[in-house]
Structure formats: structure tokens, C-alpha cells
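Chains as they are written, first to last, in my numbering: chain L, 224 to 562; chain C, 224 to 562.
Built from N, CA and C at the ideal position, the CB exists for glycine as well.
First the structure, in the form of C-alpha cells, and then the observations on it.
In C-alpha cells:
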């Protein structure tokens, strides 16, 4: 297979991307298409790996500057690295696209170049959250700030496929994020989505609160992109607050610092759990092509993690599986409405 | 002053409430009205404190059972402890009401018995969150799952008064919880509220994400009750997940347990920060009377914390301050609309 990496996405582009492309090509013994401004990339690639044969630069002369509004800039600069990279999926030259650039920019370019899977109204940014007992899939975590209830049903279907294929869950338990476990609790969107989710042939376990999510009682958690983003960001922020306070407290005395050294492995486990660098990248499910978004702050290590996630998605035929599940849903809905 | 305590609210009522009432009366050398089923309470109070003179039972013969839907049950049982207790505020026999009962039940009874401060469309459950550098006020954390933008303006006004009076902040920085710091980010509610908040005479600092909230960059954070509840519950859940994992890791070997002992003070600080028992209770701001809601799981210690919060609110004339601020807003709005 051939993976496509946007060379111009991360905060410190293109150096982390160049490094990550080289390592990924080496890791899988496969070609990697590195997309970006060739004049900038070619000499750097040569220096980084003179013997390189697998990383191929695809020229995208336009550069989206960090200060520019991403969507507006993408419109004015059609030969930007996201547009060009996504085009390679369309032509079949590559099977998955990874970018550490602006999420809105990736979404816009992905919708314009690849479009949505037939039957999906909105693509969803899909995260893997650590839980007490493993991981769970949460979507949407930021692509759509306002949703209709039927969007959430599509999120549930796509999320279930993702959990099945990536987490190996045979009948993923789908929870609807709410402010109480009891049916009937929630805002209007959640109340309406609840009724739809009961009848969609998924393993719907009802409403879940954050407590159940982190306890690992659901494999898939469905929510609108605004709420999902708050859930994501508050989890990260509390994790950071706690570790900052602990570090501060533990540098207070020699005894404490000695104690801290002894418990360091425990901290490393928590840190790893919470570390976006480990995650690498999140998929934009519902796009008609495999598209992954990484953190702007990604270093080479994080980008390699991202490329591994993309590689696995191709390996497990994720796109086909989602297209099939959504198509089945469409067929079912049509059958239901003719009765 | 006289505080009013719902004797029938907590999961293990009325024993924690009886204990808390006795301790509170002793602490402040003031009377406490303990509201609930007299037949149940009188003998227990006598046993707990034979010499008691300050805790006075006010009979409320109806009991709201835990399995009953709170609002529906409150309608059928008008002489329940919440209704009777809140009535005592209305008659002036008490100045603040505390209950560890169901939040929906308290809200319903408070609206029915005391009503809203003129000019407040929706009362807001208002929490005090720990931050890196102190605390911040967050509302609404669960009273209103769906909000209109003008509700959020009222939350901002009430929250500012609360931050000023309770946190001692002279010009509280008000942030609007969003999924990005840039103006224009957010769902439709947030985008609309943003414009209103810019022109309301508060120290509005714009959108904030969870990161800024926990870093202490705002004194007041405004959001709808559904999102606020997700923020609250996910913070608690992540805190619990981290401490559970750390405990588990640190009981893994003798060395680690020794290390854990040494760093225990650091953990206690974090635990205290995150502990609802320390908080005690949260006010329902916007009700025409001082009403506080505690955790169902509250023990006597937590209930005493709750009573202290209520006591302080009376001391600092919180209700007057909120009424004045809201009235000023009403006057300003009328003045603006006649131009």
C-alpha cells in the first residue's frame, strides 16, 4: 500500500514530517508520498536520507500559512498540500491520507475533494479514549458543533464498525453521552437521538455519563461535536492539572522527591494513557476515503504513530466496512419507509 | 440567622442530616430548622443529642421515596420536606435552605414555592471548580439542558456577583465555554451568546476552552446545563481514573508502596481539590431565595460543609447582590430598547 503524508501540516513543518516519512517507509518497506512544496522539501529530504528511495515528493506549490483562516485560504490556494494529497486518494495512487494541519482545513478539503460516503450526512472526528479497562471510541469530537439526531445515528453506525475492526469488539456497546443514565435525561438532541438509536440494530446500551465512559462500560460513545470537544479537552486539562499539581507537590522536599522517583513507573503509565503523541491521529469517519488528522504539535514520533494508525485502517479494510454498514442502513431505512 | 436543612435528602437520610444539624447549630451558636417526618426524626434527634436546644424539627409528613420520579412525586406529596423547608424561607423563618436530595426535585419545589428573581428566566446550578491557581465559578452545571443565548447572559451576571462576593474578585473575568478560543468558534448557542456577552458591561474575556478554565484564566465560566454537566462529570471521572490507576500501580511492589507513602501529602492535596465532600453544596442562583443542593452521597461532614456555604451566602448578602445586579440589567435593557 501507499500512504500519503501532508508535509506542511504540523507547527514545525516540514522537518517532523520528513523524518516520519522516512521512518514509516522503512518500517513497512513501502512507498510514502510526501506532499508539499517541492522546492522546500527536496533538499531537506536529500540531507535527511541521501539513500532514500521510498519517500516520493508530490509537489503542492501553495502553502497555507498558519495565520491564515484555513478554509478561506484553502479556497484561494487550491494547490495546497491537503488538496493535492487528498487528490492522490481519489486517483488511487495512495490509500490513506495523514495531516497534522488544521482540522477545519482537512475537513473542508476532504469534503471538497473526496466527498462523503453515500448515506453519511456529516463526517465525524473520531477519538480513542483510554478507559479503566482499555479504550473506547468517541465521536464526534469536533467536526460538527451543531448536529441533528440522525447525524448521531450515523456516528453510532460508523463508530461501531470502527470499534469492531480496531478494538476487536464483536458487538460494540454503544452509549449516548448524556447528563444522566436514565432514559429521558438529556437535552433535546439527546432525547431525540435516543429514540432513533433504540431502533437501529446496534447494541445500544442507552445513556452514559462520563463516569461510565471512563469506567469502560461502552465501546462507542456518541455525541455532537461541541460536547465531544468539551469532553476531550476537559479530560486532557484535568489530567494535566493533576499531574502538574503532583509534580509541584513532589518536588517540595528530598523525601518527596525520593518517593516520586520510586513511583515514577506509575506516572509513566498515566502519562502514556493521556498522551496525544501516543495516539498519533484520529480518523475523519464518513469521508469517502481514509483521512487522519494529527495534533499540530506532533513531532516525528507522533506522526509515525499517526501513519501506523492509517496503515492499520487500510489493512483492516475499514473504509469498505463503513461503506457497507452505512449502505445497509440506507437500505433498511428505505424498506421501513415503504411499509 | 436561621438555616434550614432538609432532613430527608441524602441517600442515608436522616442520620447524616441530624448529625450535621447538631454540629452546625453548635458551630454557629444559632438555631437550625430540620425539616422532615417528625415521627422519624424526633426520637433520633433526642438520642443523638439529649441536651439539644437549637435544632428544631419542622414537620413534613410526606416522604419522597428514592424510587419515585421526583417531580411527579413532589406534585402528589405537597407536604414533602423540600416544599415545607422552602416555605420557611418565604415566611422569613429561615434565610437559606440546604438539601442533599434530588436536584430536579429541589429545582421544581424552589420554582414553585419561591419562584425566580424578577428578570431571571432560568435559575442555574452553580459550581466552584478547582483551578491551578484557585477556583472559578461555573454555571449552569445541570439545571437547564437546553438554553437560549439570553439565559447565558443572566448566568454571566449572577456568576459575576457570586465570584465577586465569594471569591473576592473585584472585576471577575467571564469566559464563555467553547470549542476554541477564537471568536466565532462554537455551536449556534455559543456564537449567539458571544455577541450578547460583549455588550453587557461585564469583564467578558471571550471564549475559553477547558484548558484555560483549569489554568485559572477565568473567574466565571458560562455554559448551558448539558455541557456544564459533561464538563463537571468528565473532570470528576478523569480525576478518579487517574487516582485509581496510580493507586493500582503503586501497590505493585514494596518499593512502590514505600514511594507512595512518601508522596501521600501530594495526593491528599489533589484528592481534596477534587472531593465533592469538601465543596459541600452548590447554589441554585436565580431562585428568589438562597437554595443549596448537596450530593446525595453526602455524609455529615459534607452536609456541614454545605451549611457553612449557606451561612456565608447569608452573611455576604448574596441574594440582595444578585437581585440588584439583575435589576440593573433589566433597567439597562429597557433603556436600550427605548432608543
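Start-end ranges of the beta strand (DSSP E) lying completely within the region 504 to 560 of chain L, minimum 3 residues: Correct list: 504 to 508 and 513 to 517.
Contact with chain C by residue 537 of chain L, beta-carbon distance below 8 Å: Here residue 537 of chain L corresponds to residue number 314 of the first chain, with the count starting at 1. For residue 537 of chain L, the answer is no, since every Cβ of chain C falls outside 8 Å of its Cβ.
Residue 422 of chain L - DSSP class collapsed to helix/strand/coil: Residue 422 of chain L sits at position 199 when you count from the first residue of the first chain. Of the three classes helix, strand and coil, the one that applies to residue 422 of chain L here is coil, per DSSP.
Cβ shell of residue 388 of chain C (< 7 Å), same chain only, five flanking positions each side left out: Counting from 1 along the second chain, the entry for residue 388 of chain C is found at position 165. Counting only Cβ-Cβ distances below 7 Å, and skipping sequence neighbours, we find 539, 541 and 544.
Between the CA atoms of residue 462 of chain L and residue 251 of chain L - distance to the nearest angstrom: The residue labelled residue 251 of chain L in the question sits at position 28 within the first chain. The residue labelled residue 462 of chain L in the question sits at position 239 within the first chain. So the alpha carbons of these two residues sit roughly 34 Å apart.
Where the beta strand (DSSP E) through residue 350 of chain L begins and ends: If you number the first chain from 1, residue 350 of chain L lands on position 127. Start and end: 347 to 354.
Cα-Cα separation between residue 391 of chain C and residue 357 of chain C, rounded to whole angstroms: In the second chain, residue 391 of chain C corresponds to position 168, counting from 1. In the second chain, residue 357 of chain C corresponds to position 134, counting from 1. Rounded to whole angstroms, residue 391 of chain C to residue 357 of chain C spans 12 Å at the Cα level.
Beta carbon proximity, residue 335 of chain L to chain C, threshold 8 Å: If you number the first chain from 1, residue 335 of chain L lands on position 112. With a threshold of 8 Å between beta carbons, residue 335 of chain L makes no contact with chain C.
Proximity winner among L:289, L:316 and L:315, relative to residue 303 of chain L (alpha-carbon distances): Start at 1 with the first residue of the first chain, and residue 303 of chain L comes out as number 80. The option with the nearest alpha carbon to residue 303 of chain L is L:289.
Separation of residue 420 of chain L from residue 382 of chain C, as counted between CA atoms: Counted from its first residue, the second chain places residue 382 of chain C at position 159. Counted from its first residue, the first chain places residue 420 of chain L at position 197. Taking the CA atoms as reference points, residue 382 of chain C sits about 37 Å from residue 420 of chain L.
Spatially closest choice to residue 336 of chain C from C:400, C:410 and C:309, by CA coordinates: The count along the second chain starts at 1 and reaches residue 336 of chain C at position 113. Checking every option, the nearest Cα to that of residue 336 of chain C belongs to C:309.
Cβ neighbours of residue 548 of chain L in the same chain (closer than 6 Å, five flanking residues each side left out): Position 325 of the first chain, counted from the start, is the residue given in the question as residue 548 of chain L. Here the set comprises 380 and 384.
Contact with chain C by residue 432 of chain L, beta-carbon distance below 8 Å: Walking along the first chain from the start, residue 432 of chain L turns up at place 209. Judged by the 8 Å Cβ criterion, residue 432 of chain L is in contact with chain C.
Residue 224 of chain C versus residue 443 of chain C - alpha carbon distance: As a working note, residue 224 of chain C is residue 1 in the second chain. As a working note, residue 443 of chain C is residue 220 in the second chain. For residue 224 of chain C and residue 443 of chain C, the distance between alpha carbons rounds to 29 Å.
Contact with chain L by residue 402 of chain C, beta-carbon distance below 8 Å: Residue 402 of chain C sits at position 179 when you count from the first residue of the second chain. Closer than 8 Å to some Cβ of chain L, the Cβ of residue 402 of chain C qualifies, so yes.
Continuous alpha helix (DSSP H) assignments of at least 4 residues falling wholly in the region 287 to 371 of chain L: Listed in chain order, the complete alpha helix (DSSP H) runs (minimum 4 residues) inside the region 287 to 371 of chain L are 293 to 299, 304 to 313 and 326 to 336.
Buried or exposed (CB count within 10 angstroms, at least 16 for buried), residue 204 of chain L: The requested residue 204 of chain L is not part of the displayed model; chain L covers only 224 to 562.
Partner residues on chain C for residue 368 of chain L, Cβ-Cβ distance less than 7 Å: Counted from its first residue, the first chain places residue 368 of chain L at position 145. Correct list: 402, 409 and 410.
Inter-stretch contact (C-beta, 8 Å, three-pair minimum) for the region 327 to 345 of chain C and the region 243 to 261 of chain C: The region 327 to 345 of chain C vs the region 243 to 261 of chain C: no contact.
Sub-8 Å separation of residue 243 of chain C and residue 259 of chain C beta-carbons: What you label residue 243 of chain C is simply residue 20 of the second chain in a count that begins at 1. What you label residue 259 of chain C is simply residue 36 of the second chain in a count that begins at 1. No, Cβ-Cβ distance for residue 243 of chain C and residue 259 of chain C is not below 8 Å.
Whole-angstrom C-beta distance between residue 375 of chain L and residue 438 of chain L, which should lie under 8 Å: Position 215 of the first chain, counting from 1, holds the residue named residue 438 of chain L. Position 152 of the first chain, counting from 1, holds the residue named residue 375 of chain L. Their Cβ separation, rounded to whole angstroms, is 22 Å, which puts residue 438 of chain L and residue 375 of chain L out of contact at 8 Å.
Residue 305 of chain L beta carbon less than 8 Å from that of residue 328 of chain L: Indexing the first chain from 1 puts residue 328 of chain L at position 105. Indexing the first chain from 1 puts residue 305 of chain L at position 82. Yes; because the gap between Cβ atoms is below 8 Å, this pair is in contact.
Test: residue 523 of chain L CB closer than 8 Å to a CB of chain C: On the first chain, position 300 is the one that residue 523 of chain L refers to. Not one chain C Cβ lies under 8 Å of residue 523 of chain L.
Identity of the residue in C:529, C:457 and C:511 nearest residue 517 of chain C by Cα: Translated into positions along the second chain, residue 517 of chain C becomes position 294. Residue C:529 is the option with its Cα nearest to residue 517 of chain C.
Rounded straight-line distance, which links the Cα of residue 235 of chain C to that of residue 482 of chain C: As a working mapping, residue 482 of chain C is identified with position 259 in the second chain. As a working mapping, residue 235 of chain C is identified with position 12 in the second chain. Going by the C-alpha atoms only, they are around 37 Å apart.
Proximal residues of chain C, C-beta to C-beta of residue 462 of chain L below 8 Å: For the purposes of this step, residue 462 of chain L is identified with residue 239 of the first chain, where counting begins at 1. Residues of chain C passing the Cβ test: 461 and 465.
Residue 282 of chain L (DSSP reduced to helix, strand or coil): Within the first chain, residue 282 of chain L is the residue found at index 59, counting from 1. In this structure, DSSP gives residue 282 of chain L an extended state, which the three-state scheme calls strand.
C-beta contact flag for residue 319 of chain L and residue 513 of chain L at 8 Å: For the purposes of this step, residue 319 of chain L is taken as residue 96 along the first chain, with counting starting at 1. For the purposes of this step, residue 513 of chain L is taken as residue 290 along the first chain, with counting starting at 1. Yes, they are a contact pair.
Beta-carbon separation (whole angstroms), residue 368 of chain C vs residue 346 of chain C, contact threshold 8 Å: Translated into positions along the second chain, residue 368 of chain C becomes position 145. Translated into positions along the second chain, residue 346 of chain C becomes position 123. Not really, about 14 Å apart at Cβ, beyond 8 Å.
Cβ-Cβ distance between residue 271 of chain L and residue 241 of chain L below 8 Å: Locating residue 271 of chain L in the first chain gives position 48, where the first residue counts as 1. Locating residue 241 of chain L in the first chain gives position 18, where the first residue counts as 1. For residue 271 of chain L and residue 241 of chain L, yes; Cβs fall inside 8 Å.
Buried or exposed by the 16-neighbour rule on C-beta atoms within 10 Å, applied to residue 553 of chain L: Residue 553 of chain L sits at position 330 when you count from the first residue of the first chain. It counts as exposed.
The beta strand (DSSP E) enclosing residue 396 of chain L, as first and last residue numbers: Indexing the first chain from 1 puts residue 396 of chain L at position 173. Membership of residue 396 of chain L in the beta strand (DSSP E) is indicated by the continuous run 396 to 400.
Residue range of the beta strand (DSSP E) that includes residue 229 of chain C: The sequence position of residue 229 of chain C within the second chain is 6, counting from 1. Secondary structure note for residue 229 of chain C: its beta strand (DSSP E) is the uninterrupted segment 226 to 229.
Short CB-CB distance (under 8 Å) between residue 325 of chain L and chain C: Numbered from its first residue, the first chain carries residue 325 of chain L at position 102. Taking a beta-carbon distance threshold of 8 Å, residue 325 of chain L does not count as an interface residue toward chain C.
Residue 456 of chain C: contacting residues in chain L (beta-carbon distance under 7 Å): Mapped onto the second chain, residue 456 of chain C falls at position 233. Neighbours of residue 456 of chain C on chain L, chain order: 432, 433 and 434.
Within-8 Å CB hit, residue 453 of chain C to chain L: Counting from 1 along the second chain, the entry for residue 453 of chain C is found at position 230. Interface flag for residue 453 of chain C against chain L is set, since a Cβ pair is found closer than 8 Å.
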